[in-house]
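Heads up, the numbering used here is the position in the sequence shown plus 11, with the first residue counted as 1. No residue lacks a Cβ here, since even glycine has one placed at the ideal position from N, Cα and C.
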Amino acid sequence: MSAVDTAVPNGHSEANGNGPELSQAQKLMLKHDQEHQPTIEEIPDEEDLKHGEQPIFTSVLEDANGDSTAPGRVPSTSTKAAGKQKESSINTQSYEAFPALGATSHPKPQVQGFWGGGKPSANLNGTPTNAYGSASAARTGIKALMEQIGKKSSAHSRKARAFIIGKQGSKIKELQEATGARIQIPKDDKPGLADDDEDSTVDVKVAGNVFSIAEARKAIEKIVGEKVGTTKTKVHGIPSEFYTFLAADADSLRNTHNLSELEIPSNYILPNIPRDSEAPLFVPAAANNYITLNGDRAAVLAARAELERRAQQYHQELTRQQLKGISKGRHQFILGDQGNPGQDFFAKTGCAIFVPSETDEDEAITIVGPADKIKDAIREARKQAMATQTVNIDIHKQLKKSSGNTTQHAQNLARYLRERDEIERLEKLFNARIFTPKQADVTSPWEVYSRDQDSLFDVQEQLISMIDAHPHSRMANIPVDPFYHSHLRKEISPRVKQDYGVHVVIPELPDGDVLLVFEGIAGREPEYSIPRSQPSRNDVEEFKRGLADARKHILDIIGSQAEVTSESIDVPAIYHDKLRRFILQENKSNQIPVRAYLSGTVITLKGPKPTVESLAAKVRDFVAHAIEEEKERGYTISFDFPQKHANQLIVDREKFDVDIQLTDGGQVEVKGPKAKADAAKSHISSLGKQWADETTYILKIDPKFHPELIGAKGNQINRLQDRYKVLIHFPRSARPTDDENAGGEAGQQGTRRQQAPDEVSIKGPKKGADEARDEILSLFQYLQDNAHSATVSVQQSQIPSLIGQRGAGMEELRQLTGAKIDVPNSRDSADASGRVEIQIKGTASQVAKAKKLIEEKKSVFDSTVTESLNVEKKHHRALIGAGGANIHSIIINAGGSGDRRELARVVQFPKAESDGNTIKVEGSGQTGITVTGLPADVEKAKAHILELVKGQEGETVQVPRKLHNDISNNVQFFRKLRNDLGVTVDHAGAKLPARVTPPPGASAKDALITDEKDTSDDVEEWFVFNKSDSGEPGDIPWVLRGRTENIEQAKSLLAQAIEQASKNNFVGYLSLVDPSLYGSVVGKNGSKVNSIREATGCNVTVPRGQGTDPIEVVGSEEGIERAKELILQAVAEGKNKPARGGDRY
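Structure below.
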């Protein structure tokens, strides 16, 4: 381009001031480029991408030098960025890219074409023409250009991938159809990554014309905004020394930006790394030491920018200084609270403090803060350090009394106590710090630090006792190749502890020995307590035997293994991931797995020699086969696939090791090695045939029948699924929405549409689906037909007779009626009246028949009464008769059943070995009389009988339950009615009310303790309470039986008694010092107590014997006080009169 030429978008030039006017196509391209200025896409930093920690000794492939890139790693920033720039570059003059534009296959400078900078050629009339074709060809070229020129790529959170694709690819298909653009999302090579690293992204490529791209990208951004509106990111690059300062304002930052999470690591350990004098004062924290932000995407970006701004500010304001000469044992006390280390120091000084790790040889403390506060912080640190006290334990002096290598034994003790977490336990218990010497300085004493002197000596005492309890004879060292350490820890150690009572300590460093410690049977328990008493001579012998057996067991296992060897194989990096899975699979059959280490492209196998040699040969064959397969990667096979089942097609690419693409035309393209491609084709074709025959039925079934259709624990539905090879789905409550179900690999098989509550779906091969549908509908019809139900209320006591012996009675009812009868089997099911509900289910006729039979049994049971007869046992045999003949005859003559099975229930004799004479007779309470004769005589007899029983039917009077006991007066009232009027009283089987008791909180004995102490010498206690609010609610029937005229008199007396009892609301309890004086109150033949009752109108009850129960007086408030006076008067008279047989009670 000449100096006078001006650049025009899309690589075309125009002579400055001399060129022709732009064509419509050129104007359109110019407008497009002005509206869509290219931007540089942000590429995530390499250190921000999560690669996982390099494995040490435990993974199958381990990178020894870290120089190589593991399989599946994200390419470096420059490579990835360069790739994207190259991919987005468009050359409209390229013949290969845009042949429809008519460009030549090679650049031709100076050509005055349609897109050129010179003058176009013209026809004879001066109309410009296209040097490369007609106007229609130009329009075709422009159209092709517009359709092909658009291609955009944008990075979105990996979590958004599933939502853009949608269930079974439905969303991405919808987007493509709506916008006309083609949307490409790469395969998820790292499933599960989004769960671990929310900074990870996925590139979404959109191709099409300008307008379709814009619409598609807009729709994608909307989905991402709605579904992944929040983000979680990790902030790297900030020095960890600044974290304490940032954490001080964490709440303000969190609230300002409305973050759901702001996590700043609490760092107080800082390795002492030698620094160059010219090196920066603060360097970024390690890759795994980062700040976490979570919240709205815009808020997270703003918060991140604020954190980085503050970090830049701290670089200018903060400095650092080291403090030396303070032993590590004092460091924790400078840091402060172990749950919040360093925070108290920061709050007091405005400076952050960092201590070296325990493995660090240097003891220097680092203080970071403003220059004007550093000196005061150093003084504070020294002050806190000197506030601690320390004691030393000369471990070697303690061990001199035991034979052996004291240096080795001291190291063993420290290893064992730390392995068993005993050191940590003592530190927490006594708020102390314990330092045991490292391997490089084993001659130093053990140091204990604490602010409390008593804690110091408590820890010292416990450590010394544990040292004494673990002599040299209790421990043993075994040299074991480090290769076996992992196997020893996982497989051998648990068996050694179980079989020999020996605890195995595996060394932290590869060159250390394995330590054996005898613990005995107690060591198998999870809460093992470290011994603290010196062992006896017998204990020492047991130690030696146990250690010797454990040592022999371990060495026999290790010794039986072949020589440990290693072999290295150079494997191209593209095969590392496949090889890792292959080695894992092969190691499953090895007793001791071979370990594999990765260094660059070299994989080293280490393990027993035969196993390594065998695996190495397999690896070489595997790699050789993979290389040969790679040569066939260009093999492609295409075949038709039913378009309607395209969204269902999910194939495990890893399983077949091929690339599978589904075209819009309904064809499947499989690319890979021929054998694997053919296998994938066979699998996909079989799926197509299976789905072509697949049928789905939706059945409308009332939800109340679903549990019975499903069966207990799903056994009914599982049987149908297994039998007919179908899937049957019942609706679930609170099912997640479609979008919430989208996750993992979009279109995951097994997802299905939202079901209505009354829908049951059946999906599978047509024949199986038809049969499953018919069986479910048949069962549904059966359940509908048998959905009738009824209940019968019976007495709880009738349940045993209904069930019968071993359920025979209930089984008979079920057989007769065909109904399902559910009988409660617990007394808890009875209601307040003691009745239970029997449930009956079945068809209408079955339910009606069963209900009728049960109600008949219920009627008989409810009318049944039980009477007891006291007959001397010597007559029982005669009553029963030979083979029960006599009692059978008696029952029949009395109108009972002739069924001999009922004999034992109707008449119950006491057992021969018992002492009782009582015979229980059970039967219907209703009796009938049969009269036989001439009709006129029968009528006369009937009238005479009715006249005789007239009045015996009784008349019922309802009496308040709370007055019942006062009126009956210990059955005295009943006796009076019977003796004076010939009237008897019963209560129609109603339960008798309990006697009124003193107020809650006072027992019978406590009731005698009152606030009114009687001054009489004879009275121990006098207690009065108002019972008007006490007693049971409701009425009790009094059935009066006798002659009609006598019943009327009895009713009159009862009414008077009810009226009087209603006034007697007070109860008094009188306890005498000498209970033997109760007889004076009763008098001869009860004369004295009767006179007191008549004089006061009170009911007076004197306890029998000479117990401690009080005298009870019931009446009005004035009446009971008068009764008490008369009782004490009778007592006084009794004391002055000599005792006679009839005078005392």
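**Study point:** Of the residues SER251, LEU270, GLU643 and ASP260, the one placed nearest SER277, counting alpha carbons only
**Key:** The option with the nearest alpha carbon to SER277 is SER251.
Review point. Along the chain, where does the beta strand (DSSP E) that runs through THR418 open and close?
Key: Run containing THR418: none in the beta strand (DSSP E); it sits in the alpha helix (DSSP H), 417-430.
Check your understanding: Taking buried to mean at least 16 other C-beta atoms within 10 Å of its own C-beta, is PRO118 buried or exposed?
Key -> The pLDDT assigned to PRO118 is 43, lower than 50, so where the model puts this residue is not dependable; a value taken from the coordinates is nonetheless given after this. Burial call: exposed.
Check your understanding: So, using beta-carbon positions, are ILE638 and TYR586 closer together than 9 Å?
Key -> One thing to note: ILE638 has its Cβ within 9 Å of the Cβ of TYR586.
Exercise for review: Inspect the CB distances between the segment 314-326 and the segment 434-442 and report whether three or more fall short of 8 Å.
Suggested key: Look at the beta carbons and you see the segment 314-326 not touching the segment 434-442: under three pairs across the two are nearer than 8 Å.
**Study point:** DSSP-derived helix/strand/coil call for ASN1057
**Key:** ASN1057 falls in the helix class under three-state DSSP.
Practice item. Check the DSSP bridge columns for THR1119 and list the partner residues they point to. Key: Assignment of beta-bridge partners to THR1119 by DSSP yields no partner.
Review point. What does ASP214 pair with, by DSSP beta-bridge criteria?
Key: ASP214 is bridged by DSSP to ALA166.
Check your understanding: Three-state secondary structure (DSSP) at SER4?
Key -> Absent from the model: residue 4. The displayed extent of the chain is 12 to 1156, so no value can be given.
Exercise for review: May I ask you to report which of helix, strand or coil DSSP gives VAL379?
Suggested key: Residue state, collapsed to three classes: strand.
Check your understanding: Is ASP387 helix, strand or coil when you go by DSSP?
Key -> ASP387: helix per DSSP, three-state reduction.
Exercise for review: Entirely within the segment 230-260 and at least 3 residues each: give me those beta strand (DSSP E) ranges in chain order.
Suggested key: Entirely contained in the segment 230-260, the beta strand (DSSP E) runs reaching 3 residues are, in chain order, 241-246.
Check your understanding: Near HIS636, what residues of its chain come up, given a Cβ to Cβ distance below 8 Å and the 5 sequence neighbours on each side ignored?
Key -> Cβ neighbours of HIS636 beyond the five flanking positions: none.
Review point. Is ALA227 near GLY219, with beta carbons less than 9 Å apart?
Key: Taking the C-beta atoms as reference points, GLY219 is found nearer than 9 Å to ALA227.
**Study point:** Buried/exposed call for GLY677, threshold 16 Cβ in 10 Å
**Key:** Result: exposed.
Review point. How far does the beta strand (DSSP E) with VAL737 in it reach, from first residue to last?
Key: Note, VAL737: premise wrong, no beta strand (DSSP E); not H, not E.
Exercise for review: Please confirm if the segment 810-819 is in contact with the segment 783-798, defined as three or more CB-CB distances below 8 Å between the two stretches.
Suggested key: In this structure the segment 810-819 does not lie against the segment 783-798, because fewer than three pairs of beta carbons, one per stretch, are closer than 8 Å.
Exercise for review: For VAL513, collect the residues of the same chain with a Cβ closer than 6 Å to its Cβ; drop the 5 residues on either side in sequence, then sort them by chain order.
Suggested key: So the list reads VAL507, LEU527, PHE529, GLY557 and ALA561, once near-sequence residues are dropped.
Exercise for review: Can you give me the Cβ contacts of ARG1104 inside the same chain, cut-off strictly under 6 Å, excluding the 5 residues immediately before and after it?
Suggested key: Excluding sequence neighbours, ARG1104 sits near VAL1111.
Practice item. Select from ILE541, ASP524 and ALA171 the residue whose C-alpha is nearest the C-alpha of ILE532. Key: When only C-alpha atoms are compared, the closest one is ILE541.
Practice item. For ASP704, I'd like the list of residues in its chain whose CB is within less than 7 Å of its CB, leaving aside the five on either flank, ordered along the chain. Key: Cβ contact annotation for ASP704 (same chain, cutoff 7 Å, sequence separation greater than five): PRO776 and LYS777, in chain order.
**Study point:** Length of the line joining the Cα atoms of ALA1143 and VAL917
**Key:** Going by the C-alpha atoms only, they are around 58 Å apart.
Check your understanding: In or out: GLN654 buried (at least 16 other Cβ within 10 Å) or exposed?
Key -> By the neighbour-count definition (other C-beta atoms within 10 Å, threshold 16), GLN654 is an exposed residue.
Exercise for review: Figure out for me which residue from GLU878, ILE832 and ASP733 has the closest Cα to the Cα of LEU864.
Suggested key: With distances taken between Cα atoms, LEU864 lies closest to ILE832.
Practice item. Figure out for me which residue from LYS885, LEU616 and THR875 has the closest Cα to the Cα of LYS629. Key: Taking each of LYS885, LEU616 and THR875 in turn and checking the Cα distance to LYS629, the smallest one comes out for LEU616.
Practice item. Helix, strand or coil for GLN471, going by three-state DSSP, please let me know. Key: Per DSSP, reduced to three states, the secondary structure at GLN471 is helical.
Check your understanding: Whose CA, out of VAL402, HIS481, HIS420 and GLY523, lies closest to the CA of GLN464?
Key -> Taking only the C-alpha atoms, the option nearest GLN464 is VAL402.
Review point. Exposed or buried, what is THR370 when buried is set at 16 or more other beta-carbons lying within 10 Å of its beta-carbon?
Key: Per the 10 Å Cβ criterion, exposed.
**Study point:** Pair within 9 Å by beta-carbon distance, LYS1074 and LYS973
**Key:** Cβ distance not < 9 Å, so LYS1074 and LYS973 don't count as in contact.
Exercise for review: Please work out which residues of its chain come closer than 8 Å, Cβ to Cβ, to GLU1043, disregarding the five sequence neighbours upstream and downstream, and give them in chain order.
Suggested key: For GLU1043, same chain residues with a beta-carbon under 8 Å away, outside a window of 5 residues either side, are ARG972, LYS973, PRO1004 and ALA1005 in chain order.
Check your understanding: What number of angstroms, rounded off, separates the C-alpha of LYS1062 from the C-alpha of PHE985?
Key -> The alpha-carbon atoms of LYS1062 and PHE985 are separated by roughly 12 Å.
Check your understanding: With burial defined as no fewer than 16 other Cβ atoms inside 10 Å of the residue's Cβ, what is the status of PHE356: buried or exposed?
Key -> Within 10 angstroms of the beta-carbon of PHE356 lie 16 or more other beta-carbons, which makes it buried.
Review point. If you draw a straight line from the alpha carbon of ILE569 to that of GLU317, how long is it in whole angstroms?
Key: The alpha-carbon separation between ILE569 and GLU317 amounts to approximately 59 Å.
Practice item. Kindly indicate which residue of SER579, PRO521 and VAL1092 has the alpha-carbon position closest to the one of LYS1146. Key: Among SER579, PRO521 and VAL1092, the Cα nearest to that of LYS1146 is on VAL1092.
Exercise for review: Give the DSSP-derived three-state secondary structure of ASN305 in the structure shown.
Suggested key: DSSP places ASN305 in strand when its eight states are reduced to three.
Point to revise | the segment 872-889 contacting the segment 850-861, beta-carbon criterion three pairs below 8 Å | key: Between the segment 872-889 and the segment 850-861, the count of C-beta pairs closer than 8 Å stays below three; the two stretches do not touch.
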